[in-house]
Amino acid sequence: MKYKIVFSYDGSAFLGYAKQPNLKTIQGELEKNLSLILNETIILSASGRTDKGVHALNQVASFNVSKVILNKDKFLHSINKLLNEEIYVKKLVKVSESFDARFSAKKKEYRYYINLGEFNPLLRKYELFINNKDFDVNRFIDGSKIFIGEHNFINFCSKDEDKDGFIRTIYDIKVIKKKKRLEISLIANGFMRYEVRKIIGTLIYYAQNKISIEKINDYLSKTEKRDIVPFTASPFGLYLYKVYY
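For the sequence shown, the working numbering assigns the number 10 to the initial residue and increments by one for each residue that follows.
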């Protein structure tokens, strides 16, 4: 039998998603406790990995199990009791054998939160605080448009190799300003490691007039010789918001 789970987590409590020996990770905690409840070894296939400090509101993973899970409510209650509120499993759905949380995904949406107001220590792991009067929101929004469409993002990620040639398509970037808080939504057919954070970091520098739009375009278009952007935004403002199938 194959099932998928939809779950959220506080990334600041873990050393990233991917399982690592003797380290506290999201995958490690989930697999350990799922295996305990289902009384067999469970291996998860997630829609993607998130880095240390990155949060998720609707992460998706699939797994195989030899038995039918008859009582979903009991299952959810049991797993969430074990996960100590740092991870919360929201849904359990039986899926076809052909479904895979990673390879069946069509689009992903990430959101990033920037706070331009007074620093709040209670939110320091959940938003990026930029108390800078030279931050131009309109410039940030205008600069974001250059990333929409199909591009080679070899200079905006940390991968050494990529089977798709570092080509990804960003369908939309929206920036919503509510008082002193920015909510940035990015939707693409996929994101590589650090890609969202490097895009956001570059746009922050552009909003502060520390880099030109011509230089950003060079990073996007001049890909024969790799020149990785040095700007990487904090992981704490980043959330995996939704996976589309």
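The C-beta atom is built at its ideal place from N, Cα and C for all residues, glycine as well. These figures come from a predicted structure and were not determined experimentally.
Residue from the options whose Cα sits closest to the Cα of residue i
i: K61; options: L249, Y253, Y254; result: L249
i: G126; options: E159, I176, K187, K134; result: K187
i: N129; options: Y122, Y121, F138; result: F138
i: P239; options: E94, K13, A22, I220; result: I220
i: T13; options: N147, L229, V98, Y121; result: Note on identity: in this sequence residue 13 is Lys, with Thr being the wrong assignment. Checking every option, the nearest Cα to that of K13 belongs to V98.
i: S105; options: I88, Y119, S71; result: S71
i: T178; options: K168, V205, S167; result: V205
i: N140; options: K189, S243, Y228; result: K189
i: S194; options: R58, Y121, T34; result: Y121
i: G246; options: V63, T59, N31, L32; result: V63
i: T241; options: K224, S167, S107, D171; result: S167
i: P244; options: N31, Y119, K103, P30; result: Y119
i: D151; options: Y26, I222, V69, T59; result: I222
i: T59; options: A22, K172, K224; result: A22
Residue i versus residue j: straight-line alpha-carbon distance, rounded
i: I176; j: E159; result: 7 Å
i: I96; j: V15; result: 11 Å
i: I208; j: N67; result: 22 Å
i: F112; j: D143; result: 42 Å
i: N80; j: L43; result: 15 Å
i: K11; j: I51; result: 11 Å
i: D19; j: I123; result: 17 Å
i: K28; j: E40; result: 9 Å
i: L24; j: A216; result: 30 Å
i: F149; j: T211; result: 9 Å
i: Q36; j: D109; result: 16 Å
i: I185; j: A65; result: 19 Å
i: V146; j: S153; result: 11 Å
i: V252; j: E192; result: 18 Å
i: S54; j: Y228; result: 33 Å
i: E170; j: L32; result: 26 Å
i: I237; j: S107; result: 37 Å
The beta strand (DSSP E) enclosing residue i, as first and last residue numbers
i: Q68; result: 64-73
i: L191; result: 190-197
i: G210; result: Here G210 belongs to no beta strand (DSSP E); instead the alpha helix (DSSP H) covers 204-216.
i: D82; result: That residue, D82, is in no beta strand (DSSP E); its alpha helix (DSSP H) goes 81-91.
i: V238; result: Per DSSP, V238 belongs to no beta strand (DSSP E) and is neither H nor E.
i: L247; result: 247-253
i: L101; result: 96-104
i: D181; result: 176-187
i: N161; result: 158-161
i: I139; result: Run containing I139: none; DSSP gives neither H nor E here.
i: F16; result: 11-18
i: Y122; result: 116-124
Enclosing alpha helix (DSSP H) for residue i [first to last residue]
i: K41; result: 35-47
i: S152; result: According to the sequence displayed, residue 152 carries Gly and not Ser. That run of the alpha helix (DSSP H) goes 146-153.
i: E223; result: 222-230
Nearest-angstrom beta carbon gap, residue j and residue i [assumed within contact, 8 Å]
i: K117; j: S17; result: Not quite, the Cβ-Cβ distance comes to about 15 Å (not below 8 Å), so this is no contact.
i: E38; j: L92; result: 7 Å
i: I213; j: I182; result: Their Cβ separation, rounded to whole angstroms, is 14 Å, which puts I213 and I182 out of contact at 8 Å.
i: I155; j: N218; result: Contact flag wrong, Cβ pair sits at about 16 Å.
i: G174; j: N161; result: 7 Å
i: K90; j: Y254; result: Not confirmed; about 28 Å, so no contact.
Problem set entry | Three-pair Cβ contact test at 8 Å for the region 41-48 versus the region 70-85 | yes
For this session: Take every Cβ of the region 71-82, pair it with every Cβ of the region 130-150, and state whether three or more of those distances are shorter than 8 Å.
Result: no
For this session: Check whether the region 195-203 touches the region 223-233, counting contact only when three or more Cβ pairs, one atom from each stretch, lie closer than 8 Å.
Result: no
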